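Student: Please find one structure pasted underneath; my questions will follow.
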Amino acid sequence: MAEYTIRNLENACRLLKSAASWQHPFRVSEASQRLSIPRTTVIRIVHALTKQGLLQESDGLYRLGGVLLNIKLGLADHLDLDDIARPVLRELRDATGETAYLGIWDNGKTLISKLYNSEQPLRAGSAVGSRVYSHTAAAGKILMAYRFYDVLSEIWPASERVALTSNSITELSVLQQELATVRKQGWAIDDEEYFLDIRCLACPVYDQNDEVFAAIGITAPKTRFPEERNQEMFRMVQEAAEELSKIVAKCPTPLPKNASD
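For the working numbering, add 312 to where a residue sits in the sequence shown, where the first one is 1.
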């Protein structure tokens, strides 16, 4: 009996994992065929999973249930920011094929807190722990736009207005105009401003108080990320930012807004 129970538990886990990747409602016959599990066994499994809220059923079609989201969000009670961001960044890297990263504020600069490198031979990205000039980075522009727009001249002194490439912004009025656009459109671009031939796009991540405390983004060679792909990349990065914000909102205690907190 113990061996039988474990085998069916394994099959139930396989079904749930597969259902998440199928991205469409499924019927018993489809699950049976694709997983090579007897139809009668699949019937028992989906009945048990539906009863527990792990699946939802409508007219013979099954999809993932809301309890799974609660389980996912519940993980936030036991994780720090890097732990929380890890699966979201991995999914973003896999979706875009490019390096995905998380940036937080660190005494005027932007700290790359977590990063998943692209698996392509030619890839772009900084190392975890790198501190970059915020005005040259997409993530930095997000943090400046949403957290420091009204005090920009105070947190961006002349000594920080460094040009790393010919595209870097070094004038206060120009950066203010750029950040106003960022706030309006909800995303920021580093258009070869940190490295030539490298472009980045980032979106804001919100905390429990609906305030921006981090930025999530992707970085890629310009050959794979031309301007024509801005909207395509934005949609994928925005989806990741919204997912991470939703998870953070469930955290029992506030997460730090600065690297030094």
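Backbone N, C-alpha and C fix where the C-beta goes; we use that ideal spot for every residue, glycine too. Bear in mind the structure is a predicted one, so any value in this text is a computation, not a measurement.
(1) Can you give the beta carbon distance from residue 505 to residue 448, rounded, assuming they're within the 8 Å contact cut?
(2) Consult DSSP for residue 378 and reduce its assignment to one of helix, strand or coil.
(3) With a threshold of 16 other CB atoms inside 10 Å of the CB of residue 321, please say whether the residue is buried or exposed.
(4) Out of 468, 516, 503, state which residue places its alpha-carbon closest to the alpha-carbon of residue 547.
(5) Three or more C-beta pairs closer than 8 Å, one from the region 423 to 436 and one from the region 543 to 561: is that the case here?
(6) Is it buried or exposed, residue 512, if we count other Cβ atoms within 10 angstroms and call 16 or more buried?
(7) Going residue by residue through the region 333 to 372, where are the continuous alpha helix (DSSP H) segments of at least 4 residues, counting only ones entirely within it?
(8) Going by DSSP, name the residue or residues bridged to residue 463.
(9) Mind checking whether residue 458 and residue 524 have CB atoms under 8 Å apart?
(10) Compute the Euclidean distance between the alpha carbons of residue 495 and residue 441, then round it to the nearest angstrom.
(11) How long is the line joining the alpha carbons of residue 379 and residue 521, rounded to whole angstroms?
(12) Please list the segments of the beta strand (DSSP E) lying wholly inside the region 411 to 463, counting only runs of 3 or more residues, in order along the chain.
(13) Report back the beta-carbon spacing between residue 464 and residue 484 to the nearest angstrom; my notes put them in contact at under 8 Å.
Tutor: This is what the structure gives:
(1) 5 Å
(2) helix
(3) exposed
(4) 516
(5) no
(6) buried
(7) 340 to 347, 351 to 363
(8) Answer is none; residue 463 lacks a bridge partner.
(9) yes
(10) 26 Å
(11) 25 Å
(12) 411 to 418, 421 to 428, 443 to 445
(13) 7 Å
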